[in-house]
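Let me begin by presenting the structure, written as structure tokens, before commenting on it.
There are 2 protein chains.
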Amino acid sequence: MQPHQRKPAYLSTLRSLMRCTQAFERYSGAHVRELGLTPAQFDVIATLGNTEGMTCKELGERTLITKGTLTGVLDRLAARGMIERHVDRNDARCLHISLTAQGVALFRKVFPNHVQHVERAFAHLSDQEQNTLREHLTRLSDAFEEERHR
Amino acid sequence: MQPHQRKPAYLSTLRSLMRCTQAFERYSGAHVRELGLTPAQFDVIATLGNTEGMTCKELGERTLITKGTLTGVLDRLAARGMIERHVDRNDARCLHISLTAQGVALFRKVFPNHVQHVERAFAHLSDQEQNTLREHLTRLSDAFEEERHR
DNA sequence: CGGAATTTGTTCTAATACGAACCAATGCAA
DNA sequence: TTGCATTGGTTCGTATTAGAACAAATTCCG
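Protein chains in written order, with my numbering: chain H, 1261 to 1410; chain C, 1261 to 1410.
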């Protein structure tokens, strides 16, 4: 019995995690594309909606988009006239990203629509189940972070 | 109170899901790269290990890699001499993918190592917790699939 | 005050990622 | 058996994706 033939116990948990994430991305992504946006672009629009805007750093943290990637996503949204970049008055390193009037219009058109779409799927789990799920996922995330810094 | 300003209840669950997946990918990915492979390449090697090989279709289903992407991943692994492609005898449409001797050696070198690394993080959750987590994730995946086909 | 360490965003490279179009091989049905 | 829909992989175009190197601005500290 060689060690590399043993089947690790965590694999089924990991499989469920990856399958669930991918199932969401397919489900959500297909709908978002119908609305004329990529998933990353939608995330940015949705995050900027109903705010005064924010820096690239904050936007990246909220959308989970790496800063290197974010530059390109913002480039394409800016080319379509959906967002604006302004240098921050207080800190010239920071860019303040905000929706244009066109961006706000787009947000109002696609956001409620997409929320309804995604809600239909999440409704299959009760509030209690979602709470439990969230707790376990957070514990696991924290485990990765902790083990990473050792 | 406009509908697009309401904050959907599912968002915190979704956030946990995406954060957990991304935390895993950072944790696992960084380690895999140290071993000289990309995450996708490692998935392929790990899936082919201890098997007689399989078709692209099956390999794609197990690794969750889309067929269009899989071609490129296999190209690069083949260029490094880690895998072989052979036309299936019974069905000339199918390719049979398998590890070369070099590929097997690589598998034996990196797989147990990486399994140990990932196990350390998953050990933060008990078996019971992982069971519950898996059940909820599966329910949610199924929800996306069901709603998608309607 | 002044230089070093940090922070923020851009740029670059290699590798996914996905959908759509495409081709060859197979299966099915009239 | 001929014709057509289906299946398995490749190719193509566009858009991420991560990581590392980089430049400009700011902060920290002696």
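Glycine is no exception: its CB is placed at the ideal position from the N, C-alpha and C atoms.
Beta carbon proximity, residue i to chain C, threshold 7 Å
i	result
Q1388 of chain H	no
R1380 of chain H	yes
M1278 of chain H	yes
S1401 of chain H	yes
T1347 of chain H	It is Val, not Thr, that sits at residue 1347 of chain H in the sequence shown. So no, V1347 of chain H is outside the interface.
T1273 of chain H	yes
R1408 of chain H	yes
L1359 of chain H	no
R1394 of chain H	yes
H1374 of chain H	no
H1384 of chain H	yes
L1308 of chain H	no
L1324 of chain H	yes
Environment of residue i [buried if 16+ CB atoms lie within 10 Å]
i	result
S1276 of chain H	buried
Q1390 of chain C	buried
P1263 of chain C	Legend: pLDDT at P1263 of chain C = 47, less than 50; position of this residue unreliable, value from coordinates given subsequently. Under this definition P1263 of chain C is an exposed residue.
K1267 of chain C	exposed
G1320 of chain H	buried
H1409 of chain H	exposed
H1346 of chain H	exposed
A1306 of chain C	buried
M1261 of chain C	In this predicted model, M1261 of chain C has a pLDDT of only 42, less than 50, meaning its place in the structure is not dependable; the value taken from the coordinates is given anyway. Flag for M1261 of chain C reads exposed.
Counterpart residues of residue i in DSSP-defined beta bridges
i	result
T1315 of chain H	H:H1356
H1384 of chain C	Note: H1384 of chain C sits in no beta bridge, so no partner.
H1346 of chain H	H:H1356
Residue j beta carbon less than 7 Å from that of residue i
i	j	result
I1325 of chain H	I1343 of chain H	no
A1283 of chain H	F1284 of chain C	no
C1316 of chain H	L1274 of chain H	no
F1382 of chain C	Y1270 of chain H	yes
V1378 of chain H	S1288 of chain H	yes
L1385 of chain C	L1308 of chain C	no
E1407 of chain C	R1293 of chain H	no
I1362 of chain C	G1341 of chain C	Sequence inspection shows Gln at residue 1362 of chain C; the Ile mentioned does not correspond to that position. Taking 7 Å as the Cβ cut-off, Q1362 of chain C and G1341 of chain C qualify as a contacting pair.
T1281 of chain H	T1323 of chain C	no
Any C-beta of chain H under 7 Å from that of residue i
i	result
Y1270 of chain C	yes
F1284 of chain C	yes
F1404 of chain C	yes
H1291 of chain C	no
L1397 of chain C	yes
K1281 of chain C	According to the sequence shown, residue 1281 of chain C is Thr rather than Lys. It does: the Cβ of T1281 of chain C has a partner Cβ on chain H nearer than 7 Å.
L1337 of chain C	no
Just checking, does the region 1345 to 1352 of chain C make contact with the region 1295 to 1302 of chain C on the three C-beta pairs under 8 Å criterion?
no
Check your understanding: Should the region 1399 to 1406 of chain H be called in touch with the region 1364 to 1372 of chain H, which here means at least 3 C-beta pairs below 8 Å?
Key -> no
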